[in-house]
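> Note that the working numbering numbers the sequence shown so that position 173 is 306, with each residue one more than the last.
So that we are looking at the same thing, I have put the structure below in structure tokens.
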Amino acid sequence: MNFFNKLLAAIERQNSLLYVALDPDPDSHIFEVGNCGGIDGDRSDIIEQWQEWLGFIIRETSEFVCAYKLSFGFYLGLGIPGLKLLEKTLQLIPPNIPIILDAKYSDLNSSTVFARFVFEDLKFDACTLTPYAGLDQVVPFLVYPDQAVFISCATANPSASIIQEYPQPQQPLYLELVKVSQTWGTPEQ
Numbered sequence: 134m135n136f137f138n139k140l141l142a143a144i145e146r147q148n149s150l151l152y153v154a155l156d157p158d159p160d161s162h163i164f165e166v167g168n169c170g171g172i173d174g175d176r177s178d179i180i181e182q183w184q185e186w187l188g189f190i191i192r193e194t195s196e197f198v199c200a201y202k203l204s205f206g207f208y209l210g211l212g213i214p215g216l217k218l219l220e221k222t223l224q225l226i227p228p229n230i231p232i233i234l235d236a237k238y239s240d241l242n243s244s245t246v247f248a249r250f251v252f253e254d255l256k257f258d259a260c261t262l263t264p265y266a267g268l269d270q271v272v273p274f275l276v277y278p279d280q281a282v283f284i285s286c287a288t289a290n291p292s293a294s295i296i297q298e299y300p301q302p303q304q305p306l307y308l309e310l311v312k313v314s315q316t317w318g319t320p321e322q
């Protein structure tokens, strides 16, 4: 089932447009994080706490949400244990709920291998990308017809307006990015 059919089925089944972010954000202070053991240190306690917490969130929300979104950066920030946490978190999500990887990926040279990693290895339904490297960077993700791509054309970061509203607020860059990115892929993507 392609991403949008899966999403529409979840919306109808759950009668909901709610999605939940499953992010091991150390700034959320859900529990005592400490320094997470440093780059080579033992992170098993923090990973175990995050695994329990994320599992709890999934169990408590799975009958109410139409999707889950996981921010790749938070998992990467925990090193190899964070990637294992990502894999375990994915295994806990019911298969009928779409899963979006919020990666905002944009590297031309490694897009093909990253798309394969995201859609084949991790089995995400959708992925976020940034458009600045152009269509060439997005194409490797579009060869997966059942998956979707979300193009991040604007952000709420306060300092982003300098770039997003360039060259002038009446004709901002982010609207041009929206227009251009709408021509990429197929309507189903």
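Just so it is clear, CB atoms sit at the ideal spot from N, CA and C, and this is done for glycine as well.
(1) Decide if the region 137-144 is in contact with the region 235-249; the criterion is three or more beta carbon pairs, one per stretch, under 8 Å apart.
(2) Check for me: the beta strand (DSSP E) holding residue 152 runs from which residue to which?
(3) So, is residue 259 buried or exposed, given that buried needs 16 or more other C-beta atoms within 10 angstroms?
(4) Going by Cα to Cα distance, which pick from 314, 188, 236 and 233 is closest to residue 267?
(5) For the region 195-258, which segments carrying the beta strand (DSSP E) assignment without a break, of at least 3 residues, lie completely within its bounds, in sequence order?
(6) With DSSP as the reference, label residue 159 as helix, strand or coil.
(7) Run the CB neighbour count on residue 154, radius 10 Å, all protein chains shown included, and call it buried at 16 or more, exposed below.
(8) Can you say whether residue 200 is buried or exposed, counting buried as having 16 or more other CB atoms within 10 angstroms of its CB?
(9) Quick one: which unbroken beta strand (DSSP E) runs of 3-plus residues sit fully inside the region 274-310? Chain order, please.
(10) Looking at the unbroken alpha helix (DSSP H) that takes in residue 143, where does it start and where does it end?
Reading it off the structure:
(1) no
(2) Taking the first residue of the sequence shown as position 1, residue 152 is located at position 19. Residues 152-154.
(3) Translated into positions along the sequence shown, residue 259 becomes position 126. Counting Cβ neighbours within 10 Å, residue 259 comes out buried, since at least 16 surround it.
(4) What you label residue 267 is simply residue 134 of the sequence shown in a count that begins at 1. Measuring from the Cα of residue 267, the nearest candidate turns out to be 314.
(5) 200-204 and 232-238
(6) For this step, residue 159 is matched to residue 26 along the sequence shown. Helix.
(7) Locating residue 154 in the sequence shown gives position 21, counting from the first residue. Looking at its Cβ environment, which holds fewer than 16 other Cβ atoms inside 10 Å, residue 154 is exposed.
(8) Indexing the sequence shown from 1 puts residue 200 at position 67. The residue in question, residue 200, is buried, as its Cβ has 16 or more Cβ neighbours within 10 Å.
(9) 281-284
(10) Here residue 143 refers to the residue found at position 10 when the sequence shown is read from its first residue. Residue 143 -> alpha helix (DSSP H) spans 136-147.
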